[in-house]
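Presented below is the structure to which this report refers.
There are 2 protein chains.
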Amino acid sequence: MILEVAVLTVQPGKSSEFESQFRKAVRLVASTRGYISHELQKCVEVKDKYLLLVQWETIKAHSVGFRTSPVYEEWKALLMPFYEIPPVEEHYIRIRPIDDTSPLP
Amino acid sequence: MILEVAVLTVQPGKSSEFESQFRKAVRLVASTRGYISHELQKCVEVKDKYLLLVQWETIKAHSVGFRTSPVYEEWKALLMPFYEIPPVEEHYIRIRPIDDTSPLP
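Protein sequence lines correspond, in order, to chains A and B.
At position 78 of the first sequence (counting the first as 1) the number is 765 in this note's numbering, and the numbers step up by one without a gap.
At position 28 of the second sequence (counting the first as 1) the number is 715 in this note's numbering, and the numbers step up by one without a gap.
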């Protein structure tokens, strides 16, 4: 499982409109093969900053499956007009915790 | 519920040792009142970069409850030696999706 993390910076004053448009646009991602789940998170400290967290089965499901699909162009057309700067995207792999229940030293 | 997002940049060559130390240190966070869950995520594209995602009941549980507790000093002492630059921390609130199952236009 892979976590896509996208930092989204929305133009001042357009947050409400962006959130509304995002709810429509995200259905394009959610209908992509390999999509598991997503969260849109809004920053408390930095106005108009969001994190989009998407769980994918593999990196390829996102970087090839989604990004080379026709719906990707539609996704960009719906959301790019709201961004102050181009989104920054990275992928992450969860570090598995070792189940350690021994008391702290 | 609040998501704490910390960007952690570990010194080159120290990732394995950091991950091992983190597993011990995170028990200090997990024992704090208001802690819900956490994930340590490692970046695919940027070597030695991690995201720590912590779910808290409130911002105060983290910014006051944890940061002013004696265990915070212990947490810093365990992990700060591994960082290349000081961690950057922000808080996020999840934007609730509206349950919209109508077909795409």
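For each residue, glycine too, the CB sits at the ideal point set by N, CA and C.
Quick caveat: nothing in here was measured; it's all calculated off a predicted structure.
Query, Result
"Simplified DSSP state of Pro792(A), which is helix, strand or coil", "With a pLDDT of 48 at Pro792(A), under the threshold of 50, the modelled position of this residue cannot be trusted; read the value that follows with caution. Pro792(A): coil per DSSP, three-state reduction."
"Val692(A) vs Leu738(B) beta-carbon contact at 8 Å", "yes"
"Beta-carbon proximity list for Glu640(B), same chain, < 7 Å, skipping 5 on both sides", "No information on residue 640(B) is available, as it lies outside the stretch 688 to 792 that chain B covers here."
"Residue range of the beta strand (DSSP E) that includes Ser756(B)", "Neither: Ser756(B) is in no beta strand (DSSP E) and is coded neither H nor E."
"Gln708(A) - DSSP class collapsed to helix/strand/coil", "helix"
"Selection from Glu776(A), Glu761(A), Tyr770(A), Leu690(A) that minimises the alpha carbon distance to Gly700(A)", "Tyr770(A)"
"Segment limits, beta strand (DSSP E) that includes Val741(B)", "736–743"
"Min CB distance Val697(A) to chain B below 8 Å", "no"
"Separation of Ile782(A) from Val755(A), as counted between CA atoms", "Before going further, note that residue 755(A) is Thr rather than Val in the sequence given. The straight-line gap from Cα to Cα measures roughly 29 Å."
"Sequence-distant residues of its chain with Cβ nearer than 6 Å to Phe705(B) (five each side left out)", "Val697, Phe769"
"Where the beta strand (DSSP E) containing Pro774(B) begins and where it ends", "770–782"
"Contact check, Leu690(A) vs Tyr779(A), beta carbons under 8 Å", "yes"
"Within-8 Å CB hit, Leu727(A) to chain B", "yes"
"Outcome for Val775(B) when other beta-carbon atoms lying within 10 angstroms are tallied against a minimum of 16", "exposed"
"Where Pro768(B) meets chain A, residues with beta-carbon distance less than 7 Å", "Ordered by position in chain A, no residue passes the 7 Å Cβ test against Pro768(B), which lies about 17 Å from the chain."
"Exposed unless 16 or more other CB atoms sit within 10 angstroms - verdict on Ala764(B)", "exposed"
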